Structures are given as structure tokens and as C-alpha cells.
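Structure, as C-alpha cells:
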Ligand SMILES: [Fe+2]
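In our numbering, the protein residues as written are 857 to 1001.
Below you can see the structure in the form of C-alpha cells.
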């Protein structure tokens, strides 16, 4: 069962960003579907997700830089990405700690963070990028601020 579902509320109108967000959702769902007693598959699914998240953040950061958006947002957004990677790595490294259900914890963190980040931070970025580039923001961009 999917733990995270993409929908129009997450739409930014930035084609590459939207495609990558959908792939990120698919990778989180893939990770959630790996049986807890299969460490090799778990490791592979985690690494694929983590590598893809880094690649995706690089794209967003390059896009913000090229569009020349507000420096305060850029710095906040970049920092949010770095904190996410740090926290995800911490949760992953704690996976052998028998006292914690780390996969469940990690999925909880992943789903909450990704949903909130897209709805608030990425869509804020998208509004500014559209504004700078003179392109149209999708009609639903304001519903969650
Ligand atoms: Fe972002």
C-alpha cells in the first residue's frame, strides 16, 4: 500500500520539479513496500531514494539560483534540504538499534517532511521562479499558504 500519494495540490507548474517529485513519491512507496527482514533490498531502496533526493535538491537549488529568487528564501530552502539529508542519514544509521523501529520512523519522517516541504517551501519557490521567469503559476498554488 502506498504511504504517500501525489496529487494536484503538489503541483508547482515547473515540469522537471513535478516529474522528480512524483518519482520521489514512488521511491518512498518502494521503500515502504520492502519487507523489514530483507536488509539488502532495504539498503538498495534507501540508497536509491537518498541519491535521488540529493539529485532533486541540486536541481531545485540550481533553478532558484538561475532565476535569482529572494536570497532569504534561497538560503532557508537550501538549509531545509541539508537538514533533511542529515536527519534521513541519522535515521538510517540508527537502523540497527533494536530499541527503535527505524524503518517506520524513517517513513513517518519522510512522508511528513516531503508533503510539508512541497506544499509550503517548494510551492513558495515555484511562485517566485514563475514570477522571475514570467511564466504562469498553476491556479491552485495559493490554496495551502
Ligand atoms: Fe525543495
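A virtual CB, placed ideally from N, CA and C, is assigned to each residue, including glycine.
Since the structure is predicted, the reported quantities are computational estimates derived from the model, not experimental observations.
- Put simply, of 869, 883, 867 and 870 the residue whose alpha carbon is nearest the alpha carbon of residue 857 is 883.
- Judged by their CB atoms, residue 905 and residue 887 are nearer to each other than the 7 Å cut-off.
- Out of 902, 900, 898 and 913, the CA that lies nearest to the CA of residue 873 is found in 913.
- Counting of Cβ neighbours within 10 angstroms places residue 928 among the exposed residues, the total staying below 16.
- Bounds of the alpha helix (DSSP H) holding residue 874 are 871-889.
- Put simply, the backbone Cα of residue 948 is about 7 Å away from that of residue 958.
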